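2 protein chains.
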Amino acid sequence: MTTNTQNLSGQSILAGVPTAGNGREVHGYNPATNQALDPAYSLIDTEQLKLATTAAAAAFDSFRSLDPQKHADFLDAIAANIEASGDELVARAMAETGLPEARLVGERGRTCNQLRLFAQVIRQGDHHGVRIDPALPERTPLPRADIRQRKVPVGPVAVFGASNFPLAFSTAGGDTASALAAGCPVVFKAHNAHPGTSEIVGAAITKAVAEFDLHPGVFSLVYGPGASIGQALVADPVIKAVGFTGSRSGGTALMATAAARPEPIPVYAEMSSINPVLFFDGALSRDPEAHATAYLGSVTGSSGQLCTAPGLVFVPVGAAGDAFVEAIGSQVPASPGQTMLTEGIYKSWQQGVDTLGEQGGVQLVGRGRDGEGENAPAPTIYSAGVEQLLANPVLQEEIFGAASLVIRYSDPADLATALAKLEGQLTATLQLEQSDYAAAAQVLPVLEQKVGRILVNGWPTGVEVGHAMVHGGPFPATSAPHTTSVGTLAIERFLRPVAYQNFPEDLLPAPIRQENPWNLNRRVDGVISIAGE
Amino acid sequence: MTTNTQNLSGQSILAGVPTAGNGREVHGYNPATNQALDPAYSLIDTEQLKLATTAAAAAFDSFRSLDPQKHADFLDAIAANIEASGDELVARAMAETGLPEARLVGERGRTCNQLRLFAQVIRQGDHHGVRIDPALPERTPLPRADIRQRKVPVGPVAVFGASNFPLAFSTAGGDTASALAAGCPVVFKAHNAHPGTSEIVGAAITKAVAEFDLHPGVFSLVYGPGASIGQALVADPVIKAVGFTGSRSGGTALMATAAARPEPIPVYAEMSSINPVLFFDGALSRDPEAHATAYLGSVTGSSGQLCTAPGLVFVPVGAAGDAFVEAIGSQVPASPGQTMLTEGIYKSWQQGVDTLGEQGGVQLVGRGRDGEGENAPAPTIYSAGVEQLLANPVLQEEIFGAASLVIRYSDPADLATALAKLEGQLTATLQLEQSDYAAAAQVLPVLEQKVGRILVNGWPTGVEVGHAMVHGGPFPATSAPHTTSVGTLAIERFLRPVAYQNFPEDLLPAPIRQENPWNLNRRVDGVISIAGE
Chain A
0 MTTNTQNLSG
10 QSILAGVPTA
20 GNGREVHGYN
30 PATNQALDPA
40 YSLIDTEQLK
50 LATTAAAAAF
60 DSFRSLDPQK
70 HADFLDAIAA
80 NIEASGDELV
90 ARAMAETGLP
100 EARLVGERGR
110 TCNQLRLFAQ
120 VIRQGDHHGV
130 RIDPALPERT
140 PLPRADIRQR
150 KVPVGPVAVF
160 GASNFPLAFS
170 TAGGDTASAL
180 AAGCPVVFKA
190 HNAHPGTSEI
200 VGAAITKAVA
210 EFDLHPGVFS
220 LVYGPGASIG
230 QALVADPVIK
240 AVGFTGSRSG
250 GTALMATAAA
260 RPEPIPVYAE
270 MSSINPVLFF
280 DGALSRDPEA
290 HATAYLGSVT
300 GSSGQLCTAP
310 GLVFVPVGAA
320 GDAFVEAIGS
330 QVPASPGQTM
340 LTEGIYKSWQ
350 QGVDTLGEQG
360 GVQLVGRGRD
370 GEGENAPAPT
380 IYSAGVEQLL
390 ANPVLQEEIF
400 GAASLVIRYS
410 DPADLATALA
420 KLEGQLTATL
430 QLEQSDYAAA
440 AQVLPVLEQK
450 VGRILVNGWP
460 TGVEVGHAMV
470 HGGPFPATSA
480 PHTTSVGTLA
490 IERFLRPVAY
500 QNFPEDLLPA
510 PIRQENPWNL
520 NRRVDGVISI
530 AGE
Chain B
0 MTTNTQNLSG
10 QSILAGVPTA
20 GNGREVHGYN
30 PATNQALDPA
40 YSLIDTEQLK
50 LATTAAAAAF
60 DSFRSLDPQK
70 HADFLDAIAA
80 NIEASGDELV
90 ARAMAETGLP
100 EARLVGERGR
110 TCNQLRLFAQ
120 VIRQGDHHGV
130 RIDPALPERT
140 PLPRADIRQR
150 KVPVGPVAVF
160 GASNFPLAFS
170 TAGGDTASAL
180 AAGCPVVFKA
190 HNAHPGTSEI
200 VGAAITKAVA
210 EFDLHPGVFS
220 LVYGPGASIG
230 QALVADPVIK
240 AVGFTGSRSG
250 GTALMATAAA
260 RPEPIPVYAE
270 MSSINPVLFF
280 DGALSRDPEA
290 HATAYLGSVT
300 GSSGQLCTAP
310 GLVFVPVGAA
320 GDAFVEAIGS
330 QVPASPGQTM
340 LTEGIYKSWQ
350 QGVDTLGEQG
360 GVQLVGRGRD
370 GEGENAPAPT
380 IYSAGVEQLL
390 ANPVLQEEIF
400 GAASLVIRYS
410 DPADLATALA
420 KLEGQLTATL
430 QLEQSDYAAA
440 AQVLPVLEQK
450 VGRILVNGWP
460 TGVEVGHAMV
470 HGGPFPATSA
480 PHTTSVGTLA
490 IERFLRPVAY
500 QNFPEDLLPA
510 PIRQENPWNL
520 NRRVDGVISI
530 AGE
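Each protein sequence line maps, in turn, to chains A and B.
Following numbering that gives the first Met the number 0, the numbering of the first sequence begins with 0 at its first residue and continues without gaps.
Following numbering that gives the first Met the number 0, the numbering of the second sequence begins with 0 at its first residue and continues without gaps.
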């Protein structure tokens, strides 16, 4: 498989128009070689950004008024166009990210499934959130007017691509899919680490916009420096919400900009999590070696560059725990480093690993071997005691990449204490069998206050895209714990309710007309009424 | 009716314990006389505040785990206890706010109905937001684990009482009711303008907490200076969300504090709105005089101190509009001032009215007459043209109290332009008949982006508490346009989703157990499944 660069323009797509940026140029890099990839990508300036945001504003009214069938078909068409870009997309993503082919083929499938799932949500229509309180003209002392509620899209949304999911959380990823499904135009700021991948997917979206004869402002793809164009995008008065997946520093910088606007807007940032895994003695005793193997697999998959990678594992003191730690020590040296996404991410990982290794009470359990090529460092596992974790906040800082810390605990009661001191997390995992239920039940209330998803007897990496998924959690896991960035509930981030009081049927929008032309489920006087029943 | 002060202690109630504050003392004032009311209320210091927040944290786990029936009964009991406080409550509220008896009796009814409505929500259970994606063990390439989602309360909530609804948006008002319904302990910061009213209601809640043998930290009532205790409350790490109704400056100050915390939290602030009313020519022509009467009634009710009072009214040029303005000019002089809530609010109103009157192009339409006693200024109506509104942001600043601005427009197209320049609003109102539908349809898309509730042929004052109500809207109407502060949807402000993956039935919380012991509606694989069907 080779990377065919002849179809790449190196340009932003501003409301459908490929546009050379007025700023400096950047290249994607092959992280396995640190070699620059062609073409160069020219970065836009703030005046060019205005073309994208102005067009997004102009596109909003027609886009949010689309017939649901056409709206859903549009999302399906994006998926089809991504699939039609074929091997070129996967090859380019491999070159730009160092991620293996199988992972990227799978990620492409997830990306397209995600778009099609949101198309189903549009067709099903519950996201309109229809509530009807019928008029009570005879009520005393005052009659009640007919009041109807539906949700409307918030307006144009800025989406920032993640480095670690160049497809599923980038150009046509979860944030873009949920915003488009809500009826919000998207101005997408590409991650500079995979500009070619972004262009291919951006072209697939742009093609779908044209195929459905939508206003071209429905989607723009911009290349720009995060510190200027990213900030300017969030500050633009046209933008009404922000989707971001990335670092804590990047997310909090956007949050500050959004909060300082004359009209503050929400930032849905998914940032930092170390995803504690709790081994209880019963479960661990069954087969410590197999647990160690599974743990290392979860730590090292995708070179550890997953938001839900287990960075902190609680293991009981005693024979089973000792066997687990010994098994890691014997297994990890055979674990090869895998190419990380960028040289910068690798360096940041190395700094994190070095810093953690220097902390008092932290011991090296084992180190793998360096991988082939550049930026493929050896996976590294440390251990410490609960008391060190409680005393030193450095031990709960995320290290993005293949590194993890084993915490030995002696009493299940210590677990609740330690977990209560953790920051907010995307996930927590319980490794248990029936004899551990009582101990697990003790920590569950703490976990429910700390995380977005709790797993039993699995590993947190691998996030199902469905209706019940929560990829969220208290700060700093996310900036908005009341939502999720994966799964269909994510559409609610880009909607807000509006009430219509005493409207004549002729002026009501379709979702809340009495005749119910879209055949929606409705909450009538507080009780769900299923369409057609 | 006299004010009986013998039952008032002048103390905060910290987790059930009446406590004299270590700070200075304040008094309520009768705004009709500017006379201080006994007793003095001692303000707490930050150490005393810690007693309340620490107790709220300690109360959280047991309170959020309550059986739904007991939880609902607790809210009903608060309502019953408020009713049992009888005439003393209304008399004290009248003395502290200058609001008339009928209004306060009605407001007490609304407050109790609101609590009982949230009790119904708890019993009905849809707020748990149950979603179940069953396991698919045979799925290829990877099986799917069973994933279940429910919503959990966010944690202790800080609520700030509004000045203008001493019952319905104060101690046991909408924010307190929805937070308690969600399962969140409440630390309530009383508004210093009605301390006695707050104490009576706070005692009713405290009594219910004791009657149901709940942890006393479920509710605290604190008196303190907003600038220190209010800010310290929002900054307290125990607090996970804030409910506020009040001024734009007050709300944005709390937003800044909440955003600057190590763990930022959401502030649900309802702040500033001028609630545009749009007269179309057909409707206005029917009976301009009657419309003028209704308008003045909405402007002057409760001395104009309602969040949804119509501060801006668009009236067409031409004969009907002239007749409307003339009718105001002839009717308003007979309109008496009514006592405002506080001397400070009166002075602020006066300053706003003076400033508006000095703006270029703004003309006085008419002024009422001063009311009896202190702080009862004459209602004041100004007019200006669309061009002045577009050019001068002062014309869209909220004046809290009985004042309003009539804007004359010549072309319905100008309406959309003017509305697009307005800030976010709680409401907009269309006065129309069938001949106006086409013109109204032109402005509806703009209004849907600007407001939380759109009314036809009514007046925005008077907010129904139901399932479909939205009392919200884009900034500065609120800080969180995706929610409402009135109506049952408000409970969602204090909930967040958690997913449970691959849990054994024994460890699942009741709302998402397969056997469905709480008989909840559930979304299964994306489709609503009604309990019992």
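All C-beta atoms, glycine included, are put in the ideal place defined by N, C-alpha and C.
Owing to the predicted nature of the structure, the values given are computational and were not obtained by experimental measurement.
Measure the C-alpha to C-alpha separation of threonine 2(B) and alanine 94(B) and round it to an integer number of angstroms.
In this prediction, threonine 2(B) scores a pLDDT of 47, lower than 50, which makes its location untrustworthy; the coordinate-derived value is nonetheless stated afterwards. Roughly 7 Å between the two C-alpha positions.
Distance, Cα to Cα, leucine 355(A) vs alanine 476(A)?
Here the alpha carbons of alanine 476(A) and leucine 355(A) stand approximately 20 Å from one another.
Give me the chain A residues within the contact set of glycine 457(B), using Cβ-Cβ distance strictly less than 8 Å, ordered along the chain.
Ala144, Gln500, Asn501
Based on the DSSP secondary-structure assignment, which residues constitute the bridge partners of phenylalanine 399(A)?
Answer is none; phenylalanine 399(A) lacks a bridge partner.
With a threshold of 8 Å between beta-carbons, can arginine 115(A) be considered close to chain B, or not?
no
For the structure I just gave you, are there three or more beta carbon pairs, one from the segment 94–108 of chain A and one from the segment 478–498 of chain A, closer than 8 Å?
no
With a threshold of 16 other CB atoms inside 10 Å of the CB of glutamine 430(B), please say whether the residue is buried or exposed.
Looking at its Cβ environment, which holds 16 or more other Cβ atoms inside 10 Å, glutamine 430(B) is buried.
Reduced DSSP category for proline 133(A) - H, G, I as helix; E, B as strand; rest coil:
Coil at proline 133(A), not helix or strand.
Compute the Euclidean distance between the alpha carbons of alanine 19(B) and serine 8(B), then round it to the nearest angstrom.
One C-alpha to the other measures close to 9 Å.
Output, in chain order, the set of chain A residues within a Cβ distance shorter than 9 Å of histidine 126(B).
Residues of chain A passing the Cβ test: none, with the nearest at roughly 11 Å.
Which of the three DSSP states, helix, strand or coil, is assigned to alanine 14(A)?
coil
According to the neighbour-count rule (16 or more other Cβ atoms, all chains shown, within 10 Å of its Cβ), is methionine 0(A) buried or exposed?
In this prediction, methionine 0(A) has a pLDDT of 38, which is less than 50 and means its spatial position is unreliable; what the coordinates show is noted afterwards. Looking at its Cβ environment, which holds fewer than 16 other Cβ atoms inside 10 Å, methionine 0(A) is exposed.
Inside the segment 274–332 of chain B only - alpha helix (DSSP H) runs reaching at least 4 residues:
Runs of the alpha helix (DSSP H) inside the segment 274–332 of chain B: 280–285, 287–299, 318–330.
Would you mind sorting glutamate 397(B) into buried or exposed? The rule is 16 or more other CB atoms within 10 Å of its CB.
By the Cβ-count criterion, glutamate 397(B) is buried, with 16 or more other Cβ atoms from all chains shown falling within 10 Å of its own Cβ.
On the DSSP bridge list, what partners appear for glutamate 269(A)?
Thr244(A), Thr477(A)
Do we get a CB-CB distance below 8 Å when we pair phenylalanine 73(A) with the residues of chain B?
No, because no Cβ of chain B sits closer than 8 Å to the Cβ of phenylalanine 73(A).
Taking the beta strand (DSSP E) that phenylalanine 187(B) belongs to, which residues open and close that run?
185–188
Assign threonine 379(A) to one of three DSSP states: helix, strand, or coil.
strand
How about valine 16(A): is its C-beta nearer than 8 Å to some C-beta of chain B?
Chain B has no Cβ within less than 8 Å of the Cβ of valine 16(A).
Quick one, which of Gly27(A), Phe159(A), Ala402(A), Pro480(A) has its alpha-carbon nearest leucine 295(A)'s?
Ala402(A)
I need the straight-line Cα distance from isoleucine 204(A) to leucine 103(A), nearest angstrom please.
19 Å
Express the C-alpha separation of glycine 172(B) and isoleucine 228(B) in angstroms, rounding to a whole number.
20 Å
Enclosing beta strand (DSSP E) for valine 526(A) [first to last residue]:
526–528
Quick check for students: name the residue ranges of the beta strand (DSSP E) that lie wholly in the segment 483–524 of chain B, counting only runs of 3 or more.
494–500, 521–523
Does the CB of histidine 214(B) have a neighbour CB from chain A at under 8 Å?
no
Cα separation between threonine 426(B) and threonine 482(B)?
One C-alpha to the other measures close to 14 Å.
Can the beta-carbon of leucine 42(B) be found less than 8 Å from the beta-carbon of valine 16(B)?
When the beta-carbon positions are compared, leucine 42(B) and valine 16(B) stay at least 8 Å from each other.
Span separating the alpha-carbon of tryptophan 537(B) from that of phenylalanine 399(B)
Residue 537(B) lies beyond the stretch modelled for chain B, which goes from 0 to 532, so this question has no answer here.
So within the segment 444–470 of chain B, which uninterrupted beta strand (DSSP E) runs reach at least 3 residues, ignoring any that extend past its ends?
450–455
Please list, in chain order, all residues of the same chain as phenylalanine 159(B) whose beta carbon is under 6 Å from its beta carbon, the five residues on each side excluded.
Here the set comprises Lys188, Phe243.
Here's the rule: buried if 16 or more other CB atoms are within 10 angstroms of the residue's CB, otherwise exposed. What is lysine 150(B)?
buried
So alanine 417(B) is in the alpha helix (DSSP H); what residue range does that whole segment cover?
411–420
Report yes or no: do the segment 231–250 of chain A and the segment 163–182 of chain A share at least 3 C-beta pairs separated by less than 8 Å?
yes
Closer than 7 Å by beta-carbon distance: list the chain A residues that pair up with glutamine 148(B), in chain order.
Ala467, Val469
Alpha-carbon spacing of alanine 530(A) relative to leucine 519(A), whole angstroms:
5 Å
Can you name the residues that DSSP bridges to glycine 384(B)?
Arg407(B)
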